[in-house]
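Just so you know, we're using our numbering here: the sequence shown kicks off at 6 and counts up by one. Data block below; observations after.
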Amino acid sequence: MKKNFSVLMLLLILAPYCGAESFAPKAYIDRVLGASLTMQKAEQALKQAENSHKNSILDAALPSFTLGMSESFYNQGRTAPRVAKGDVASSLSAALNLYDSAAGPVRAIKLSKLEYEYARLTHLIAGQNEAVKALRRFYALYSAQQKIITAKMNLVSRERQYKDTDEQYRSGTRSRIEVTQSEGDKLQSELSLAKAESAERKALMSFNELINAEPDAAVEVQVSTLAKEIKLPLPKEDVARALENNLSLRRQKLALDKTRLLVRNASWSACPRLKVDASWAKSKLALFGTPGGSWNDNQAYGVGATLSFPFGFAGAQNYRDSETQKAVLKSAELEMQESIRTLKTSVLSAQKDIELQVRLRRLLEFQVKAQKDATDNLISEYSLGGTSFLQLDSSQTKLLDASNSRIAAVNDLDLALADYRVLLGENTWE
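Dropping the structure here:
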């Protein structure tokens, strides 16, 4: 009888998921990242930063060329307006900045490289955030589906209890009050199942939203039944790993480096500015029938230096800009110190939380197994009239609570591990 009862519950539980698409966490995360509009925006921003960096390198390495053609329609020596090919002047010129003490090409390359690295880390952080969001949706659906299973098991148990109570009442071994209480418990279980199914439907729509699927498309989520083995205590060396690899901290360091570079540029702008430029020009190109000559004629080239001294209002403004940038740099350095302190505390606190959740999960696994065995035995005894209604009711309630707590513990531990990997700078989608 007990074996048939277990088979019946298993068939009842698995029926809704026949033919549904199955997802493991990694497969779902991959689908979410592929469909994420946030990731697509981050990829476009990364491409823009990459192109800007390549352009800054080209600007520094290659001269700028200018091709010009001019014609004078009227001047003091030509009182009658006219257009003629012989009067058109054409020229080709090139210029290359070799050095600029305030804002040279080398500094532009450094700045664009920092901006590219910043965009790359922003792209990785976006991936982390989307992966964690996907995991939360995944485990929300997993929790909802598991609670339906638990609610169905509880309902089957309550229906059997009600049937046994009614039969025993008719035979005179149970009271009418026990029948009424058993019927009320059955109705309460039906309501609990309806609530669980409603919560699962909402979780399913949120789940499908991230992969751009139909809101009501049937889905089954799979989590390994074997608890992930975690060696406790977690290593204190993880603090150093986090300080080195945490993506948000690395991005903040890049922002600080960029601020330092801008401060240096502002400081140099307040000083005499030295520029060294190379130039070349060729006139009379003989384009479209215009006047010209041999290629070696009409050329000019050279290297020149310019030294400028800011003074007066411009000098005072440059000085104030420099002081403002220094204050900004000091604030950024203080924010970095605060972020380092916060990250250390976050890693150590997360370790303690994970250690407690591991122990709690093990305890709940044991409690569910023990309570299930006790409830099964009480159901069998109750069918034979050998135990009280209150004792069985209490055992069923404890089993329901323990099962739901175990489901929450699975979610909390796996999500805590994902958040911990984010602190360590690891890819949560791998």
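Don't be surprised by glycine CBs; every beta carbon is placed ideally from N, CA and C.
| Item | Value |
| --- | --- |
| For Phe70, the three-state DSSP class (helix, strand or coil) | strand |
| Assigned secondary structure, Gly307 (DSSP; H/G/I helix, E/B strand, else coil) | strand |
| Sequence-distant residues of the same chain with beta carbon closer than 7 angstroms to Lys118, five excluded per side | His58 |
| Asp358 versus Lys236 - alpha carbon distance | 14 angstroms |
| N-terminal and C-terminal residue of the alpha helix (DSSP H) that Asp417 is part of | Phe394 to Leu428 |
| As assigned by DSSP and simplified to three states, the class of Arg179 | coil |
| Simplified DSSP assignment, three categories, for Leu101 | strand |
| Cβ shell of Lys152 (< 8 angstroms), same chain only, five flanking positions each side left out | Ala201, Ala204, Glu205, Asn409 and Ile412 |
| Candidates Arg265, Lys374 and Gly390, of which the one nearest Lys335 by Cα | Arg265 |
| DSSP state of Leu13 mapped onto helix, strand, coil | Confidence at Leu13 is low in this model, with a pLDDT of 49, below 50, so the placement of that residue should be treated as unreliable; the coordinate-derived value is given next. Here Leu13 sits in helix by DSSP. |
| Beta carbon of Leu248 nearer than 8 angstroms to that of Leu97 | no |
| Reduced DSSP secondary structure (H/G/I, E/B, other) of Lys444 | Only positions 6 to 435 of the chain appear in this structure, which leaves residue 444 out of reach. |
| Beta-carbon separation (whole angstroms), Ser354 vs Ala100, contact threshold 8 angstroms | So it is not a contact: roughly 58 angstroms between Cβ atoms. |
| Helix, strand or coil at Val224 according to DSSP, with G and I counted as helix | strand |
| Rounded C-alpha distance that separates Glu370 from Lys263 | 51 angstroms |
| Cβ-based neighbour list, Glu135, same chain, cut-off 7 angstroms, excluding 5 preceding and 5 following | Val37, Leu38, Ser41, Thr43 and Met44 |
| Spatial neighbours of Ala455 in its chain, beta-carbon cut-off 6 angstroms, leaving aside the 5 residues before and after | Residue 455 lies beyond the residue range present for the chain, which begins at 6 and ends at 435; the question has no answer from this structure. |
| 8 angstroms Cβ cutoff met for Gln362 and Ala407 | no |
| Backbone secondary structure at Asp169 - three-state DSSP | helix |
| Three-state secondary structure (DSSP) of Ala25 | coil |
| Any non-hydrogen atom of the ligand ATP closer than 7 angstroms to Ala218 Cβ | Among the components modelled here there is no ligand, and therefore nothing to report on the ligand ATP. |
| Leu279: first and last residue of the uninterrupted beta strand (DSSP E) it sits in | Arg278 to Ser288 |
| Pairwise C-alpha distance: Thr402 and Glu172 | 22 angstroms |
| Helix, strand or coil at Ala94 according to DSSP, with G and I counted as helix | strand |
| Buried versus exposed, by CB contacts within 10 Å (16 or more), Met158 | buried |
| C-beta atoms of Asp282 and Asn60 nearer than 8 angstroms | no |
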